[in-house]
Amino acid sequence: MSSLDAVSPAGARGEADGLARSSFPGAALPLVVSPLRRGDVSTTFAAAIRACAEAELTSRGAVLFRGFPVRGLADFEAFVKLVTPDLLDYTFGSTPRSHLQSRIYTSTEYPAHQHIPLHNEQSYTREWPLKIWFHCAEAAPEGGSTPLADSREVLRRIPARIRERFTAKKVMYVRNYGGGLDVPWQKVFGTTDRAEVERLCRQRGITCEWKADGELRTREVCQAVATHPRTGDVVWFNQAHLFHVSSLEPSVREALLAVFSEDELPRNAFYGDGSPIEGAVLDEIRDVHRQLAVEFPWQQGDVLLVDNMRVAHGRAPFRGPRKVLVAMAEPYGAKAL
Numbered sequence: 649m650s651s652l653d654a655v656s657p658a659g660a661r662g663e664a665d666g667l668a669r670s671s672f673p674g675a676a677l678p679l680v681v682s683p684l685r686r687g688d689v690s691t692t693f694a695a696a697i698r699a700c701a702e703a704e705l706t707s708r709g710a711v712l713f714r715g716f717p718v719r720g721l722a723d724f725e726a727f728v729k730l731v732t733p734d735l736l737d738y739t740f741g742s743t744p745r746s747h748l749q750s751r752i753y754t755s756t757e758y759p760a761h762q763h764i765p766l767h768n769e770q771s772y773t774r775e776w777p778l779k780i781w782f783h784c785a786e787a788a789p790e791g792g793s794t795p796l797a798d799s800r801e802v803l804r805r806i807p808a809r810i811r812e813r814f815t816a817k818k819v820m821y822v823r824n825y826g827g828g829l830d831v832p833w834q835k836v837f838g839t840t841d842r843a844e845v846e847r848l849c850r851q852r853g854i855t856c857e858w859k860a861d862g863e864l865r866t867r868e869v870c871q872a873v874a875t876h877p878r879t880g881d882v883v884w885f886n887q888a889h890l891f892h893v894s895s896l897e898p899s900v901r902e903a904l905l906a907v908f909s910e911d912e913l914p915r916n917a918f919y920g921d922g923s924p925i926e927g928a929v930l931d932e933i934r935d936v937h938r939q940l941a942v943e944f945p946w947q948q949g950d951v952l953l954v955d956n957m958r959v960a961h962g963r964a965p966f967r968g969p970r971k972v973l974v975a976m977a978e979p980y981g982a983k984a985l
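In our numbering, the protein residues as written are 649 to 985.
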């Protein structure tokens with residue numbers, strides 16, 4: 649993993665649209681876009697931001713807007729809607745988040761000392777957002793970066809024997825909701841109606857069952873790799889390395905396995921035929937992510953736009969207060985498997 653410690657990007661160039669484009673030293677991700685002059689976003693930069701976001705996202709996969717007057721939740725929502733006016737609800741989520749307003753959420757609320765591995769948002773389902781936005785409302789005084797990695801390169805770097813096995817077998821995700829150990833099914837599905845949950849599962853091709861304790865278990869077979877609908881890029885696109893029991897800290901894993909079978913864990917991942925995924929294989933995949941990850945230092949007011957299929961993201965541990973907001977846009981559904 650390379651850490652890009654530059655306070656301001658090097659090699660900035662001005663453009664006729666009033667925006668400067670630059671890069672952090674030694675990294676293609678993200679492209680940094682800043683205003684050449686001060687002004688209100690909605691009047692001075694709106695058209696330029698829209699055009700820049702679409703063009704540069706296709707070229708780079710991640711664009712960091714820095715130095716714009718984005719000073720809070722309302723500004724972030726207005727900025728995002730310049731490019732993607734229709735935002736998505738965080739449905740069928742796998743991590744705890746707080747809903748702030750409209751369709752703006754907090755980033756994943758895991759303890760500050762934990763590292764969130766690189767992943768593509770909702771790649772554990774057959775429906776996901778093509779675009780994901782981040783806003784740094786408060787930068788942590790230490791750590792707390794959002795690492796990025798090119799998902800095309802992840803696919804290329806993963807050994808052929810692993811790529812081929814996952815491509816052929818796909819990934820099965822098993823989730824046991826609630827019970828104080830995972831996100832409650834009522835929050836994940838956005839309803840307390842069991843019949844509605846069953847309808848949603850049928851619609852999405854998910855196998856579901858109600859357990860004796862009233863909690864829900866689901867199984868879903870999803871893609872391991874995917875093809876970008878606009879660029880044609882083939883990318884590594886799954887969360888087997890996050891869902892699998894081997895992703896847990898050893899002490900937590902041992903404690904859970906002392907109580908639950910692997911099928912009863914809050915979440916786990918298998919090959920699509922239900923056979924176990926080898927821990928050593930997942931370690932190789934994690935190593936590839938670590939090798940390709942790049943970090944940049946957040947600054948308060950930053951807005952990051954990521955092509956969710958082209959680029960994976962994560963979170964580094966941090967100390968002190970940190971507040972990063974998230975919005976998602978442009979739903980896309982994989983073809984039936």
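We put the beta carbon where it would ideally sit given N, CA and C, even for glycine. From a predicted model like this one, the values you see are computed outputs, not experimental measurements.
Residues near residue i by beta carbon distance below 8 Å, same chain, minus five either side
{"i": "residue 702", "result": "731"}
{"i": "residue 846", "result": "856"}
{"i": "residue 817", "result": "872, 919, 920, 921, 923"}
{"i": "residue 895", "result": "765, 889, 930"}
{"i": "residue 810", "result": "929, 932, 933"}
{"i": "residue 652", "result": "Residue placement at residue 652 is poorly supported in this model, since its pLDDT is 38, which falls under 50; the coordinates still yield a value, given next. Around residue 652: 672, 673, 674, 675, 942, 943, 944, 945."}
{"i": "residue 693", "result": "666, 667, 683, 687, 716"}
{"i": "residue 898", "result": "none"}
{"i": "residue 844", "result": "837"}
Those residues which DSSP pairs with residue i across a bridge
{"i": "residue 764", "result": "963"}
{"i": "residue 798", "result": "959"}
{"i": "residue 858", "result": "864"}
{"i": "residue 777", "result": "979"}
{"i": "residue 916", "result": "822"}
{"i": "residue 676", "result": "Answer is none; residue 676 lacks a bridge partner."}
{"i": "residue 875", "result": "882"}
{"i": "residue 670", "result": "680"}
{"i": "residue 782", "result": "952, 974"}
{"i": "residue 869", "result": "820"}
{"i": "residue 735", "result": "977"}
Beta-carbon proximity of residue i to residue j, cut-off 7 Å
{"i": "residue 872", "j": "residue 815", "result": "yes"}
{"i": "residue 819", "j": "residue 888", "result": "yes"}
{"i": "residue 876", "j": "residue 976", "result": "no"}
{"i": "residue 792", "j": "residue 938", "result": "no"}
{"i": "residue 714", "j": "residue 682", "result": "yes"}
{"i": "residue 868", "j": "residue 854", "result": "yes"}
Inter-residue CB distance, residue i and residue j (contact presumed, cutoff 8 Å)
{"i": "residue 766", "j": "residue 961", "result": "7 Å"}
{"i": "residue 870", "j": "residue 772", "result": "6 Å"}
{"i": "residue 778", "j": "residue 942", "result": "Wrong, their Cβ atoms sit about 21 Å apart, outside the cutoff."}
{"i": "residue 788", "j": "residue 966", "result": "4 Å"}
{"i": "residue 852", "j": "residue 774", "result": "7 Å"}
{"i": "residue 664", "j": "residue 972", "result": "Rounded, the Cβ-Cβ distance is 32 Å, inconsistent with contact."}
{"i": "residue 882", "j": "residue 803", "result": "6 Å"}
{"i": "residue 667", "j": "residue 696", "result": "6 Å"}
{"i": "residue 974", "j": "residue 754", "result": "7 Å"}
{"i": "residue 746", "j": "residue 884", "result": "Not confirmed; about 30 Å, so no contact."}
{"i": "residue 964", "j": "residue 761", "result": "Contact flag wrong, Cβ pair sits at about 11 Å."}
{"i": "residue 790", "j": "residue 968", "result": "6 Å"}
{"i": "residue 680", "j": "residue 727", "result": "Going by Cβ atoms, the distance from residue 680 to residue 727 rounds to 15 Å, so no, they are not a contact pair."}
{"i": "residue 982", "j": "residue 874", "result": "6 Å"}
Contacting residues, own chain, Cβ-Cβ under 7 Å from residue i (five flanking each side not counted)
{"i": "residue 916", "result": "822, 891, 892, 893, 910"}
{"i": "residue 736", "result": "751, 777, 976, 977, 979"}
{"i": "residue 912", "result": "824"}
{"i": "residue 947", "result": "714, 784, 787"}
{"i": "residue 698", "result": "730, 731"}
{"i": "residue 925", "result": "888, 892, 917, 918, 919"}
6 Å CB neighbourhood of residue i in its chain, flanking five on each side removed
{"i": "residue 834", "result": "840"}
{"i": "residue 955", "result": "705, 709"}
{"i": "residue 952", "result": "712, 782"}
{"i": "residue 658", "result": "Low confidence applies to residue 658: its pLDDT is 43, below 50, so where it sits in the model is not reliable, and the reading given next is rough at best. So the list reads 673, once near-sequence residues are dropped."}
{"i": "residue 691", "result": "none"}
{"i": "residue 770", "result": "776"}
{"i": "residue 842", "result": "none"}
{"i": "residue 830", "result": "914"}
{"i": "residue 927", "result": "894"}
{"i": "residue 801", "result": "940"}
{"i": "residue 878", "result": "none"}
is_contact[residue i, chain D] using C-beta, thresh 7 Å
{"i": "residue 884", "result": "As a matter of chain content, chain D is missing from the structure shown, which is built from one protein chain."}
- beta strand (DSSP E) runs contained entirely in the segment 791-856, provided each spans 3 or more residues: 796-798, 819-824
- Runs of beta strand (DSSP E) lying entirely within the segment 674-726, each at least 3 residues, in chain order: 679-683, 710-713
- Task: Only counting runs of 4 or more residues, tell me where the alpha helix (DSSP H) segments fall wholly within the segment 891-938, in order along the chain.
- Result: 898-905
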